[in-house]
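Undergrad: Provided herewith is a single structure, encoded as structure tokens, for subsequent inquiry.
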Amino acid sequence: MSRHELILLKNMMQPGYTGSLQDYERAGGYQALRKVVGKVPPAEVTTTVMKSGLRGRGGAGFPTGVKWGFLPKDYQGPRYLCCNADESEPGTFKDRQLIERDPHQILEGILLACYAIGAESAYIYIRGEFVLGARILESAIAEARTAGYIGANILGTGITANVWVHRGAGAYICGEETALLESLEGKRGLPRVKPPFPATHGLYNKPTVVNNVETLANLPHIISRGPEWFSAIGSPPKSTGTRIFCVSGHVKRPGNYEVPMGVTFRELIYEEAGGMRSDKPLKAFIPGGASAPFLTPDSLDVKLDFESVAAAGSMLGSGGVTVMEEGTDMVWAALRLMEFFYHESCGKCSPCREGSSWLVQTMRRIVAKRGQMEDLETLVDLCKNIAGRTVCAFGDAEISPIMSTLKHWRPEYVRLIHEAEAANLITLKRPVARP
Amino acid sequence: MLKDKYQKEIAEILSHYPVKRSALIPLLYLAQQDEGYVSEAAMKEIAQMLRLTPPQVYETATFYTMLNLKPVGKFHLQICKSLMCALVGSDTVIGWVKAKLGIGPGETTADGLFTLSAVECLAACGTAPMMQVNEDYYEQLTEEKFDRILADLRKDGTCSLKTGPFMWPEARSAK
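Below, the structure written as structure tokens:
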């Protein structure tokens, strides 16, 4: 039972709420749009969002209003808004719920953002697997178009705002904003070299803003209730508002929980999610999706805000909290995530493309009890040669599982290698060349 | 030819974008919906429609895992094997497929009904283990549920256990 006020999940938690336009309007929906479109200058909307302190909910946590502010003021051509609904960070499943249960909340956010940045077209880039979500968004768009919220001349103001759904086709990297843009242009989803940033050279080389679903869903509330209200929630000044944390793994009640930023992991895991599923105690948790380094129970009292999690040596990321109980094999867990990153590396940068393959092979060797002590040095060496040497943040992310499990649970690696030595299996032919 | 069969759909897709190439993935989906996979002939036709070279279409098509370049079974079982699902038993689910259908990842049953793929995270970590069958999600799998899904798929081509608009935990238990 949550004792916190819900903002984003409030509507859908009402009995009988279907997410239809009628339900959304009855709950006060589209009032924020009516309040500003054609009445408040767009720049003022941007200022309001800046004042609220809203930061991106996709993973990087960049201040949303500041991002909008980077768009060239005097540019006359088209500008674009992209809603990043490519939710594919392992451990994260909040956007799916926002999309399928309250699509108009997102659409209103998109329309507000379009108005603020002067975009006449918005694309919702949704991961290909969310077939149901794409259908729900499409029918919501049709409803909103009929009601005059979307299209040419919205709400009779002469302003145009069109929204399209664009389905991805199964590539994790397309959640990275420049890869998303490439994919939306019909190309392979390879991240672009930055600068230039999307704010000046984005979709079709035009000024573009890419915002996450949850980020956009916050906008109607910020506009309706004011930036002061929003910036008082959570742990101001740097982490304002609530976040939907996705709890998975060995807890009693996994699921989506919306809480103000700044509550502790202990509260999220033991109160919201009901604690551990059995009498086995907590051994490890990932605080913010697969890209975030693992933490130990020592960090349970860390606050769930951007700065506190970073200070604890990890990151708040996408809000996916994965809990592991005592008895979980941490080398195996790191391998599973490494296999994910190996599968999803786009192949653009050599350190990541070759490094991820090499890391997986080395990890598999260790887990199969065919490793040697020097493999541990190889792992660290490879990781250090990937981080910071790639075009996008994927390279920094993919080393997190291995580096953090090596830091906290090195004896588990060593034990596997000792078992290998004891079984005298290391003379077996090695599957790959060594450095 | 896709052009003749889906004239209306193609026009609608093209109308969404100021630059034609953006329609590439939507058109590849259309081809896949038509034939069950993306054939070389379809890629060539799409290239012509969008004024791209066939390699430009091919390089894009091969990048995305959801575009099948070879025919798959009538029911494509995609079981998530990422860590979050693995923690609560996705490997066991893959084992059930092996035991009940005799196929491993990447294989299709002899009758062409089922293809199994072990895939990466599908954003259902809180309701794991899970699988996607064609367009539908099935979550919180148990062996009993799994048996019923297979039986229903064989019988009716669909199963009522699929997830509707997603919310977890449900409103009741969360307040």
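Which chain is which? The protein sequence lines are A and B, in order. Quick note: the first sequence uses the numbering used here, first residue 33, plus one each step. Quick note: the second sequence uses the numbering used here, first residue 1057, plus one each step. Note that beta-carbon positions come from the ideal geometry of N, C-alpha and C, so glycine has one too.
1) Say the cut is 7 Å; is the CB of Q54 of chain A nearer than that to a heavy atom of the ligand MG?
2) At which residues does the beta strand (DSSP E) containing I39 of chain A begin and terminate?
3) For Y997 of chain B, report the span of its beta strand (DSSP E) as first-last.
4) By Cβ distance, which residues of its chain are closer than 7 Å to G403 of chain A, with the 5 residues on each side in sequence left out?
5) Within the 8 Å Cβ cut-off, does I1135 of chain B reach chain A?
6) Roughly how many angstroms lie between the CA atoms of T232 of chain A and F1202 of chain B, to the nearest whole one?
7) Where does N185 of chain A fall in DSSP's three states?
8) Per DSSP, what kind of secondary structure is S1229 of chain B in: helix, strand or coil?
9) If we cut at 8 Å on Cβ distances, does A1087 of chain B have a partner in chain A?
10) Is there a Cβ of chain A sitting closer than 8 Å to that of F1131 of chain B, yes or no?
11) Given a threshold of 16 other Cβ atoms within 10 Å of its Cβ, counted over all protein chains shown, does G221 of chain A qualify as buried or as exposed?
12) Return the CA-CA distance between V446 of chain A and F317 of chain A, expressed in angstroms with no decimal places.
13) Closer than 7 Å by beta-carbon distance: list the chain A residues that pair up with G1182 of chain B, in chain order.
14) With distances taken from CA atoms, which of A:Q137, A:R442, A:Y289 and A:L414 is nearest I254 of chain A?
15) Identify whether R275 of chain A lies in helix, strand or coil by the three-state DSSP scheme.
16) Pair every Cβ in the region 65 to 79 of chain A with every Cβ in the region 178 to 193 of chain A, then say whether three or more of these pairs are closer than 8 Å.
17) Would a C-beta distance cut-off of 8 Å place C146 of chain A and L113 of chain A closer than the cut-off?
18) Decide if Y107 of chain A is buried, meaning its Cβ has at least 16 other Cβ atoms within 10 Å, or exposed.
19) Considering only C-alpha positions, which residue in the set B:E1226, B:K1076 and B:L1217 is nearest to L1106 of chain B?
20) Within the chosen definition, does the region 1181 to 1189 of chain B reach the region 1122 to 1140 of chain B through at least 3 CB pairs nearer than 8 Å?
21) Just reading off the alpha helix (DSSP H) that M1140 of chain B is part of, what are its end residues?
22) State the Cα-Cα distance for the pair D118 of chain A and I149 of chain A, rounded to the nearest angstrom.
23) Mind pulling the chain A residues with CB within less than 7 Å of M1140 of chain B?
24) Check whether chain A comes within 8 Å of F1170 of chain B, counting only Cβ atoms and requiring the distance to be less than that.
25) Strictly below 8 Å CB to CB, what residues from chain A border Q1188 of chain B?
26) CA-CA distance, L251 of chain A and G273 of chain A?
27) Could you check the C-alpha separation between E376 of chain A and Y204 of chain A for me, to the nearest Å?
28) Just to confirm before moving on: does the CB-CB distance between R368 of chain A and A1142 of chain B stay below 8 Å?
29) Drop a sphere of 10 angstroms on the beta-carbon of G287 of chain A, count the other beta-carbons inside from all chains shown, and report buried for 16 or more, exposed for fewer.
30) Looking only at its own chain, which residues have a Cβ that is under 8 Å from the Cβ of E1065 of chain B, when we skip the five neighbours before and after it?
31) Please name the residue in B:K1211, B:L1206 and B:L1197 whose C-alpha comes closest to that of T1219 of chain B.
32) Among A:S323, A:T328, A:F326 and A:L332, whose alpha-carbon lies nearest the alpha-carbon of F297 of chain A?
33) Compare the C-alpha of K315 of chain A against each of A:M82, A:T328, A:A324 and A:S323 and name the closest.
34) Counting only C-beta atoms, is P1110 of chain B closer than 8 Å to chain A at any point?
35) Whether or not the region 260 to 278 of chain A and the region 340 to 352 of chain A are in contact is what I'm after, with contact meaning three or more pairs of Cβ atoms, one per stretch, closer than 8 Å; do they touch?
36) Please state the DSSP three-state secondary structure of F262 of chain A.
TA: Based on what the coordinates show:
1) Annotation note on the ligand MG: not contained in the displayed structure, which lists no ligands.
2) Counting along the chain, I39 of chain A falls outside any beta strand (DSSP E), and DSSP gives it neither H nor E.
3) Outside the shown range of chain B (1057 to 1231) lies residue 997 of chain B, about which nothing can therefore be said.
4) R397, L448, I449 and A452
5) no
6) 50 Å
7) The answer is coil: DSSP assigns N185 of chain A none of H, G, I, E or B.
8) Reliability of the predicted coordinates at S1229 of chain B is poor, the pLDDT of 47 falling under 50, and the value obtained from them is presented with this limitation in mind. If DSSP states are grouped into helix, strand and coil, S1229 of chain B belongs with the helices.
9) Chain A contact via Cβ: absent.
10) no
11) buried
12) 21 Å
13) F125, C278, V279, S280, P286, G287 and N288
14) A:Q137
15) In this structure, R275 of chain A counts as strand in the three-state DSSP scheme.
16) yes
17) yes
18) exposed
19) B:K1076
20) yes
21) L1139 to A1142
22) 22 Å
23) P122, G123, S280, G281 and T354
24) no
25) Here the neighbours are E161.
26) 11 Å
27) 6 Å
28) yes
29) buried
30) L1086
31) B:L1197
32) A:L332
33) A:T328
34) no
35) yes
36) helix
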